[in-house]
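Residue numbers (my numbering), protein chains in the order written: chain A, 98 to 368; chain B, 142 to 496.
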């Protein structure tokens with residue numbers, strides 16, 4: 098791959114992104130929380146639950162890029178303040194999406210990691226703006242993108258001076274209609290061959306089916322992912338977005354009981 | 142002009158009316174200290190007729206009279222309530238008022254232009270209590286106040302430690318992405334310098350943090366915000382864009398509550414000011430007394446004596462009451478070791494960690 102001056106890596110070279118005490122790229126990091134921040138109660142309740150189940154960070158969108166302009170667009174600044182409150186209470190760092198270059202500095206004031214969503218992966222103005230931020234960036238794979246296109250987007254961020262990029266495989270569009278997307282787990286070892294950047298997996302969007310999230314989370318651990326990001330809602334039926342793919346806190350806690358031993362087992366396997 | 146713009150202007154005028162009304166009520170409360178009776182029919186009639194003489198074609202004279210009558214009724218009701226007049230320096234919403242509200246819940250909080258106005262007002266009986274800052278965890282002693290403490294006959298009857306948590310405030314109609322100018326006191330702007338730089342905001346020095354919030358509420362300038370206390374957001378109906386925007390660790394300011402009479406109980410903490418002769422070992426002799434009696438000191442600060450700039454006076458706070466046997470004994474012995482000794486008072490200690 099040409100032109101990956103900063104994203105391409107030597108074998109064995111690995112970037113570790115630090116957020117507080119958490120080291121993404123060294124430990125297995127679990128990010129969980131609602132799709133969107135809807136109310137203070139919903140966010141705090143979910144935050145407490147995922148923390149109790151062992152999540153390392155809280156996700157939650159204040160700005161939502163939606164397919165339809167009439168769908169819930171997010172609470173904006175009010176949502177950011179709710180996330181800040183959740184961090185104050187639980188200590189969980191915040192991962193939240195930014196969709197507008199004008200919002201980058203402000204979202205950075207509230208969030209610990211800036212997320213670039215799949216729809217904005219190739220929004221180069223936005224990539225340059227987060228590249229100038231001092232916050233790590235979680236760069237989701239475009240649903241229509243090759244690995245090369247994806248890594249070129251990481252290159253945009255790196256070339257602006259921000260070395261802390263985390264990649265996130267979230268499924269791509271194929272002709273299969275049973276799942277929302279096709280989770281491309283081969284991307285995990287491929288990315289590790291191509292770059293030094295850490296990669297996590299989003300089995301929620303990758304499958305869009307609650308019954309598949311568990312098995313694909315375990316598969317992500319086995320594939321060598323550096324972490325995962327999962328949608329959890331305290332009351333999924335009432336969620337304003339992604340209602341039919343969010344886990345309940347109980348389901349998430351059950352999943353965590355399987356993920357952790359598997360990770361420990363994988364680490365003991367001979368190279 | 143579109144309806145939306147007209148409504149914005151109306152909202153702005155309403156805000157100004159209410160902020161001015163708050164000021165008028167404060168003045169009415171202060172006037173009570175000079176009057177034997179709350180009701181003064183001559184003065185009322187003078188106020189009403191003077192307003193009526195204004196030739197405002199859209200504001201009917203009968204309406205003017207009715208409106209002012211309602212305001213006067215409300216000020217009389219306020220005057221009749223037995224609320225203590227608690228003075229602080231700065232505009233409404235200043236950190237001094239935050240401290241005053243903590244120390245005297247239910248009081249009427251009166252803004253004063255200068256620290257000396259707080260001291261004189263209480264000394265002369267026009268105000269009941271005063272709240273003044275003595276020291277800040279980042280900036281050190283507030284010299285103007287410490288200087289006034291050396292010459293006042295007021296007593297310290299309480300203390301409060303206030304966490305100075307700066308907030309970025311803007312009017313509700315302001316989109317945070319459009320903010321370009323930030324008004325505040327130079328010290329607050331300096332404490333938030335990195336925040337301003339990160340968000341590409343231009344600092345505009347203003348005389349007071351709360352004054353900047355008040356100006357926003359009254360004038361609603363375009364693309365502007367203020368750095369002030371959380372209390373200002375409430376008082377001036379401003380939105381908190383972000384709380385805790387200071388670059389370093391949050392700083393605390395310690396305030397003293399001043400009154401004409403000493404604290405009635407024993408108190409857990411005592412403040413004194415003293416000066417020693419310019420001789421070797423004199424200060425040590427004083428401090429030794431506290432050490433030998435196992436009395437813990439919580440503050441010691443020095444300031445040049447205004448009357449004799451080659452000499453110093455010392456501000457000393459210690460744990461315990463002046464009525465405690467040990468402390469009383471130390472204070473008695475101190476009289477012989479010092480050229481001046483002033484006991485500001487014993488009062489309840491504020492030990493809570495500020496939030």
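We treat Cβ as the ideally placed atom computed from N, Cα and C, and that holds for glycine.
(message) In this structure, how does DSSP classify residue 188 of chain B when only helix, strand and coil are distinguished?
(response) Residue 188 of chain B sits at position 47 when you count from the first residue of the second chain. Here residue 188 of chain B sits in helix by DSSP.
(request) Rounded to whole angstroms, what's the CA-CA distance from residue 314 of chain A to residue 300 of chain A? Just pull it up for me. (result) In the first chain, counting from the first residue as 1, residue 314 of chain A sits at position 217. In the first chain, counting from the first residue as 1, residue 300 of chain A sits at position 203. The C-alpha of residue 300 of chain A is placed about 6 angstroms away from the C-alpha of residue 314 of chain A.
(request) Name, going along the chain, the residues of the region 204–215 of chain A whose beta-carbon falls closer than 8 angstroms to a beta-carbon of chain B. (result) 205, 206 and 207
(message) Contact between the region 211–231 of chain B and the region 267–276 of chain B is defined here as three or more beta-carbon pairs at a separation below 8 angstroms; is this criterion met?
(response) yes
(request) Determine whether the Cβ of residue 174 of chain A lies closer than 7 angstroms to any Cβ atom of chain B. (result) Within the first chain, the letter at position 77 stands for residue 174 of chain A. At least one C-beta of chain B is nearer than 7 angstroms to the C-beta of residue 174 of chain A.
(request) Throw me the rounded Cβ distance for the residue 370 of chain B and residue 350 of chain B pair, which I believe falls under 8 angstroms. (result) The residue labelled residue 370 of chain B in the question sits at position 229 within the second chain. The residue labelled residue 350 of chain B in the question sits at position 209 within the second chain. Contact holds; Cβ gap of about 7 angstroms.
(request) Using a Cβ cut-off of 7 angstroms (strictly closer), state whether residue 383 of chain B contacts chain A. (result) What you label residue 383 of chain B is simply residue 242 of the second chain in a count that begins at 1. Residue 383 of chain B counts as touching chain A.
(message) Three Cβ pairs or more, each shorter than 8 angstroms: is that satisfied between the region 168–177 of chain A and the region 145–155 of chain B?
(response) no
(request) For chain A, find out if any of its Cβ atoms is closer than 7 angstroms to the Cβ of residue 148 of chain B; answer yes or no. (result) Here residue 148 of chain B refers to the residue found at position 7 when the second chain is read from its first residue. Closer than 7 angstroms: no.
(request) Can you say whether residue 419 of chain B is buried or exposed, counting buried as having 16 or more other CB atoms within 10 angstroms of its CB? (result) Counting from one through the second chain, the residue named residue 419 of chain B turns up at place 278. Result: exposed.
(request) Rounded to whole angstroms, what's the CA-CA distance from residue 369 of chain A to residue 336 of chain A? Just pull it up for me. (result) This structure cannot speak to residue 369 of chain A, because chain A is shown only from 98 to 368.
(request) With DSSP as the reference, label residue 248 of chain B as helix, strand or coil. (result) As a first step, residue 248 of chain B is located in the second chain; it is residue number 107 there, counting from the start. Of the three classes helix, strand and coil, the one that applies to residue 248 of chain B here is coil, per DSSP.
(request) Buried or exposed for residue 346 of chain B, please, with buried defined as at least 16 other CB atoms from any protein chain shown within 10 angstroms of its CB. (result) Translated into the one-based positions of the second chain, residue 346 of chain B becomes position 205. By the neighbour-count rule (16 or more Cβ atoms within 10 Å), residue 346 of chain B is not buried but exposed.
(request) Could you tell me the boundaries of the alpha helix (DSSP H) in which residue 404 of chain B lies? (result) As a position in the second chain, residue 404 of chain B is number 263, starting the count at 1. Per DSSP, residue 404 of chain B belongs to no alpha helix (DSSP H) and is neither H nor E.
(message) Let's test the definition: count the other Cβ atoms within 10 Å of the Cβ of residue 200 of chain B and tell me whether it reaches 16, buried, or not, exposed.
(response) Within the second chain, the letter at position 59 stands for residue 200 of chain B. With fewer than 16 Cβ atoms within 10 Å of its Cβ, residue 200 of chain B is classed as exposed.
(request) Pull out every residue of the region 318–342 of chain B whose Cβ sits closer than 8 angstroms to any Cβ of chain A, in chain order. (result) 318, 336, 339, 340 and 341
(message) Applying the 10 Å Cβ sphere with the 16-neighbour rule, what's the burial state of residue 431 of chain B?
(response) Working through the second chain from its first residue, we reach residue 431 of chain B at position 290. The residue in question, residue 431 of chain B, is buried, as its Cβ has 16 or more Cβ neighbours within 10 Å.
(request) Just confirm the distance between the C-beta atoms of residue 183 of chain A and residue 155 of chain A, as a whole number of angstroms; I'd bet it's less than 8 angstroms. (result) Position 86 of the first chain holds residue 183 of chain A. Position 58 of the first chain holds residue 155 of chain A. About 6 angstroms; that satisfies the 8 angstroms criterion.
(message) Would residue 232 of chain A pass as an interface residue toward chain B - the criterion being a Cβ-Cβ separation below 7 angstroms?
(response) To locate residue 232 of chain A, count along the first chain from 1; it is residue 135. Residue-level contact check: residue 232 of chain A does not touch chain B, since none of the beta carbons of chain B fall below 7 angstroms from its beta carbon.
(request) Could you spell out where the alpha helix (DSSP H) holding residue 167 of chain B opens and where it closes? (result) Taking the first residue of the second chain as position 1, residue 167 of chain B is located at position 26. Per DSSP, residue 167 of chain B belongs to the alpha helix (DSSP H) from 144–172.
(request) Hey, could you find the ends of the alpha helix (DSSP H) residue 277 of chain B is sitting in? (result) Position 136 of the second chain, counted from the first residue, corresponds to residue 277 of chain B. No alpha helix (DSSP H) holds residue 277 of chain B; the beta strand (DSSP E) holding it covers 270–277.
(message) Counting beta carbon pairs with one atom in the region 263–273 of chain A and one in the region 231–240 of chain A, are three or more of them shorter than 8 angstroms?
(response) Proximity of the region 231–240 of chain A to the region 263–273 of chain A meets the contact definition, three or more beta-carbon pairs being nearer than 8 angstroms.
(message) Short of 8 angstroms in beta carbon distance, which residues of its chain neighbour residue 260 of chain B, apart from the five on each side in sequence? Order them along the chain.
(response) The sequence position of residue 260 of chain B within the second chain is 119, counting from 1. Correct list, in chain order: 271, 273, 289, 293, 295 and 399.
(request) Give the secondary structure of residue 154 of chain A by DSSP, where H, G and I count as helix, E and B as strand, and everything else as coil. (result) Position 57 of the first chain, counted from the first residue, corresponds to residue 154 of chain A. The answer is strand: DSSP assigns residue 154 of chain A an E or B state.
(message) Please tell me whether residue 301 of chain B and residue 491 of chain B are closer than 7 angstroms, where the distance is taken between their beta carbons.
(response) Here residue 301 of chain B corresponds to residue number 160 of the second chain, with the count starting at 1. Here residue 491 of chain B corresponds to residue number 350 of the second chain, with the count starting at 1. Yes.
(message) Can you tell me where the alpha helix (DSSP H) holding residue 432 of chain B begins and where it ends?
(response) Within the second chain, residue 432 of chain B is the residue found at index 291, counting from 1. Run containing residue 432 of chain B: 423–433, per the alpha helix (DSSP H) assignment.
(request) Could you check what DSSP says for residue 99 of chain A in three-state terms: helix, strand or coil? (result) Locating residue 99 of chain A in the first chain gives position 2, counting from the first residue. Note: residue 99 of chain A maps to coil in three-state DSSP.
(request) Spatial neighbours of residue 307 of chain B within its chain, please: CB distance less than 6 angstroms, with the 5 preceding and 5 following residues excluded, ordered by chain position. (result) The residue given as residue 307 of chain B occupies position 166 in the second chain. Same-chain partners within the cutoff: 329, 333, 368, 386 and 387.
(request) Using beta-carbon positions only, say whether residue 356 of chain A and residue 344 of chain A come within less than 7 angstroms of one another. (result) For the purposes of this step, residue 356 of chain A is identified with residue 259 of the first chain, where counting begins at 1. For the purposes of this step, residue 344 of chain A is identified with residue 247 of the first chain, where counting begins at 1. Against a cut-off of 7 angstroms, the Cβ pair of residue 344 of chain A and residue 356 of chain A comes out as no contact.
(request) Identify whether residue 233 of chain A lies in helix, strand or coil by the three-state DSSP scheme. (result) Locating residue 233 of chain A in the first chain gives position 136, where the first residue counts as 1. Three-state DSSP puts residue 233 of chain A in coil, outside helix and strand.
(message) By DSSP's criteria, residue 347 of chain B is part of a beta bridge. Which residues make up the other side?
(response) The residue labelled residue 347 of chain B in the question sits at position 206 within the second chain. Residue 347 of chain B is not bridged to any residue.
(message) Please state the DSSP three-state secondary structure of residue 132 of chain A.
(response) Counting from 1 along the first chain, the entry for residue 132 of chain A is found at position 35. The DSSP-derived three-state label of residue 132 of chain A is coil.
(request) Using a cut-off of 8 angstroms between C-beta atoms, extract the partners of residue 200 of chain A located in chain B. (result) Here the question's residue 200 of chain A lines up with position 103 in the first chain. In chain order: 318.
(request) Work out the CA separation of residue 318 of chain A and residue 297 of chain A for me, nearest whole Å. (result) In the first chain, counting from the first residue as 1, residue 297 of chain A sits at position 200. In the first chain, counting from the first residue as 1, residue 318 of chain A sits at position 221. Whole-angstrom Cα-Cα distance: 9 angstroms.
(request) Please state if the CB of residue 113 of chain A and the CB of residue 123 of chain A are separated by a distance shorter than 7 angstroms. (result) Translated into the one-based positions of the first chain, residue 123 of chain A becomes position 26. Translated into the one-based positions of the first chain, residue 113 of chain A becomes position 16. With respect to the 7 angstroms criterion, residue 123 of chain A and residue 113 of chain A are classified as neighbours on the basis of their beta carbons.
(request) Please classify residue 219 of chain A: does DSSP put it in a helix, a strand, or coil? (result) Numbered from 1 along the first chain, position 122 holds the residue referred to as residue 219 of chain A. Coil.
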